[in-house]
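These notes concern the structure reproduced below.
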Amino acid sequence: TQLLEQSPQFLSIQEGENLTVYCNSSSVFSSLQWYRQEPGEGPVLLVTVVTGGEVKKLKRLTFQFGDARKDSSLHITAAQPGDTGLYLCAGENSGGSNYKLTFGKGTLLTVNP
Amino acid sequence: DAGVIQSPRHEVTEMGQEVTLRCKPISGHDYLFWYRQTMMRGLELLIYFNNNVPIDDSGMPEDRFSAKMPNASFSTLKIQPSEPRDSAVYFCASSLVAGVGEQFFGPGTRLTVL
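Which chain is which? The protein sequence lines are A and B, in order.
Numbered per the numbering used here, the first sequence spans residues 247 to 359.
Numbered per the numbering used here, the second sequence spans residues 292 to 405.
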């Protein structure tokens with residue numbers, strides 16, 4: 247079973263601060279996705295990274311895929327209350343025809359005004 | 292597009308009762324996924340379908356759980372008999388392609404088994 251460990255599990259910060267959350271595994275993934283989930287709703291895709299070492303930016307969010315495709319990070323600059331939510335990483339199994347995502351347990355971020 | 296539709300949004304039932312959760316995927320999406328989310332275990336894949344055919348049901352916890360997809364626009368997840376440990380939020384998701392395709396999640400069904 248491929249596991250994804252996310253850290254920290256909980257994070258509470260003030261508006262304007264920067265933060266980084268991590269997603270780590272001992273397994274290699276062919277791609278990795280980051281989702282954000284708000285209370286009472288399903289997760290919504292933020293980004294997909296495919297290439298080892300890849301960096302993608304989405305406004306104030308920066309996503310990086312590790313060179314070995316085993317880990318990823320999400321950095322948020324100048325966090326805002328609207329960034330509050332559960333951030334989930336999900337890795338796609340490498341190879342084979344059986345496609346599915348393995349999700350981490352998530353980082354619950356609270357940005358206080 | 293209305294997105295993925297799930298019903299009911301909330302279900303409260305007593306142990307031993309049958310529970311049926313329903314999902315309508317986004318039109319044209321070939322893949323449908325059923326997930327369960329709890330605080331302890333996070334978001335777990337239960338089963339997924341491709342073109343209405345179950346591909347991987349290794350995440351289905353036990354024989355009390357069953358899922359069907361009779362056509363491209365409807366799927367059900369049934370628990371019979373239900374137990375308190377089945378209490379969780381159940382999500383349905385659909386995607387157009389496999390691989391790096393985005394999964395679109397429904398709003399979930401919050402199930403409470405007393």
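Positions of the beta carbon are idealized from the N, C-alpha and C atoms, including for glycine.
Just so you know, these numbers come straight off a predicted model, no measurement behind them.
In terms of residue numbering, what span does the beta strand (DSSP E) encompassing residue i cover?
{"i": "Asn362/B", "result": "Phe356 to Asn362"}
{"i": "Leu405/B", "result": "First-last for Leu405/B: undefined, no H or E at that position."}
{"i": "Glu309/B", "result": "No beta strand (DSSP E) holds Glu309/B; DSSP gives it neither H nor E."}
{"i": "Tyr281/A", "result": "Phe275 to Gln283"}
{"i": "Thr367/B", "result": "Phe365 to Ile370"}
{"i": "Ser272/A", "result": "Taken as a continuous stretch (DSSP letters only), Ser272/A belongs to no beta strand (DSSP E), as it is neither H nor E."}
For residue i, which of helix, strand or coil comes out of DSSP?
{"i": "Gly312/A", "result": "coil"}
{"i": "Pro375/B", "result": "helix"}
{"i": "Asp258/B", "result": "No answer is possible for residue 258/B: the residues shown for chain B start at 292 and end at 405."}
{"i": "Asp321/B", "result": "coil"}
{"i": "Gly328/A", "result": "helix"}
{"i": "Tyr345/A", "result": "coil"}
{"i": "Asn358/A", "result": "strand"}
{"i": "Gln252/A", "result": "strand"}
{"i": "Gln394/B", "result": "coil"}
Going by the CB atoms, is the gap between residue j and residue i shorter than 8 Å?
{"i": "Asp347/B", "j": "Lys316/A", "result": "no"}
{"i": "Ser258/A", "j": "Asn358/A", "result": "yes"}
{"i": "Tyr326/B", "j": "Leu337/B", "result": "yes"}
{"i": "Val295/B", "j": "Phe356/B", "result": "no"}
{"i": "Ser273/A", "j": "Glu251/A", "result": "no"}
{"i": "Gly352/A", "j": "Leu334/A", "result": "yes"}
{"i": "Lys302/A", "j": "Val290/A", "result": "no"}
{"i": "Leu405/B", "j": "Met330/B", "result": "no"}
{"i": "Ile317/B", "j": "Ser366/B", "result": "no"}
{"i": "Tyr268/A", "j": "Ser319/A", "result": "yes"}
{"i": "Gly399/B", "j": "Gln308/B", "result": "no"}
{"i": "Gly397/B", "j": "Phe382/B", "result": "yes"}
{"i": "Phe349/A", "j": "Gly333/B", "result": "yes"}
{"i": "Thr311/B", "j": "Lys369/B", "result": "yes"}
Buried or exposed for residue i, going by 16 or more other Cβ atoms inside 10 Å?
{"i": "Gly262/A", "result": "exposed"}
{"i": "Leu387/B", "result": "exposed"}
{"i": "Glu353/B", "result": "exposed"}
{"i": "Gln283/A", "result": "buried"}
{"i": "Phe256/A", "result": "exposed"}
{"i": "Ser349/B", "result": "exposed"}
{"i": "Glu374/B", "result": "exposed"}
{"i": "Leu249/A", "result": "exposed"}
{"i": "Leu278/A", "result": "buried"}
{"i": "Gly299/A", "result": "exposed"}
| In the segment 331-359 of chain B, which residues sit with their C-beta less than 7 Å from some C-beta in chain A, listed in chain order? | If the cut-off is 7 Å between Cβ atoms, the segment 331-359 of chain B has Gly333, Leu334, Leu336, Tyr339, Ile346 and Asp347 near chain A.
| message | Counting only Cβ-Cβ distances shorter than 9 Å, please list the residues of the segment 274-292 of chain A near chain B, keeping chain order. | response | Ser276, Ser277, Gln279, Tyr281, Gln283, Gly286, Glu287, Gly288, Pro289, Val290 and Leu291
| chain A contacts made by the segment 308-321 of chain B, where a contact means CB separation under 9 Å | Listed by position, the residues of the segment 308-321 of chain B near chain A (Cβ gap below 9 Å) amount to none.
| When you check each C-beta in the segment 252-264 of chain A against every C-beta of chain B, which residues fall closer than 8 Å? | Identification of residues in the segment 252-264 of chain A having a C-beta nearer than 8 Å to some C-beta of chain B yields an empty set.
| said: At a CB distance below 9 Å, what residues from the segment 307-321 of chain A approach chain B? Give them in sequence order. | reply: none
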